[in-house]
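Student:
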Amino acid sequence: VTDAPRVRGTSEARTRRLKGTGERGDAGDVPRGGWAGSAPLRWLNDDASAPTEPDRWPPSDYNAPLSQLVRRVKFLSVGGLTATIFGSPLLVQFTAPDMAMQAQAILCGSVIGFSGLTTGLLQWFVSPYVHKLRMVDRETVSVEVLDVFARFYERRFKVAEVKTEVDTMRPLCSFEAGGKILYVEVSALDPIVKDTLGLLTDEEKVERDKGLYTYDAEGEEDEDDDEEEEDQVEEEKEKAKKEGHH
């Protein structure tokens, strides 16, 4: 690959990474925001084949955007169930002391049963929600989910166990692994993890096959490029001022 000067100084100036080298060339009219999708996209050279394995490793860990909110709701639900179990017998005793013991037991059982049902439904609804996800290695994934008492516990599974086409009635479902339904905010996943778990959209798959999909972390190179372009513009302004004085 021959050396190619990098074009700087304008907002349209962009770079493209040449496969297998650290050199850069003129990006032409590549859109600033890249192609559609959650990950930033940059052009590769025209004859580059689709990357079979990302160069950047390990990928960034996933932290669920609504993790704290989901856990607080779980705490509230479990706390309400606990208060109902211990408080309803006393409440019935003080409010209806003349009620027959059998009637009091039925009333307490109904209140506790309803509270337990709502807590169980909430657990069924949010149990697939993944709060943290990381790649242990290229074949193993670790996730953290909540148990019925709102405590974190870790589960691990192999990438080969992941199934993205799942027949389920669960409202939250991104994929199945090891017989368990799991849900992640796909837009918040690292591009490497998305590709590894098979969660790329059809458009992103096409771009990957054409060699247009990048595994760079979102914004890392864009920020560096913008800073370098701004520095270049400042240098050109300083030179113009000096030339004007002379």
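Read in order, the letters of the sequence shown are residues 60 to 305 in the numbering used here. Note that the Cβ used here is the ideal one computed from N, Cα and C, for glycine as well. All values derive from a computational prediction rather than experimental measurement.
(1) Which complete beta strand (DSSP E) runs does the stretch 202-267 hold, if anything under 3 residues is left out?
(2) Buried or exposed for residue 301, please, with buried defined as at least 16 other CB atoms from any protein chain shown within 10 angstroms of its CB.
(3) Out of 160, 155, 173 and 167, which has the shortest C-alpha to C-alpha gap to residue 136?
(4) Which same chain residues, not among the five before or five after residue 181, have their C-beta less than 8 angstroms away from its C-beta?
(5) In the DSSP assignment, find the alpha helix (DSSP H) that holds residue 192 and state where it starts and stops.
(6) Looking only at its chain, what residues have a beta carbon closer than 7 angstroms to the beta carbon of residue 187, apart from the 5 residues adjacent to it on each side?
(7) Indicate, with yes or no, if the ligand ATP has a heavy atom lying under 6 angstroms from the CB of residue 193.
(8) Buried or exposed: residue 145, going by 16 or more other Cβ atoms within 10 Å of its Cβ?
(9) Between the alpha carbons of residue 163 and residue 171, how many angstroms are there, rounded?
(10) With DSSP run on the structure shown, which of helix, strand or coil describes residue 279?
(11) Sort out for me which residues DSSP pairs residue 170 with in a bridge.
Tutor: Taking the definition as stated:
(1) 211-217, 234-236 and 239-241
(2) exposed
(3) 173
(4) 132, 133 and 136
(5) That residue, residue 192, is in no alpha helix (DSSP H); its beta strand (DSSP E) goes 191-194.
(6) 229, 231, 232, 240, 241 and 242
(7) As for the ligand ATP, it is missing from this structure, which has no ligand bound.
(8) exposed
(9) 12 angstroms
(10) Residue placement at residue 279 is poorly supported in this model, since its pLDDT is 46, which falls under 50; the coordinates are not used for a value here.
(11) According to DSSP, which records beta bridges pairwise, residue 170 is partnered with nothing at all.
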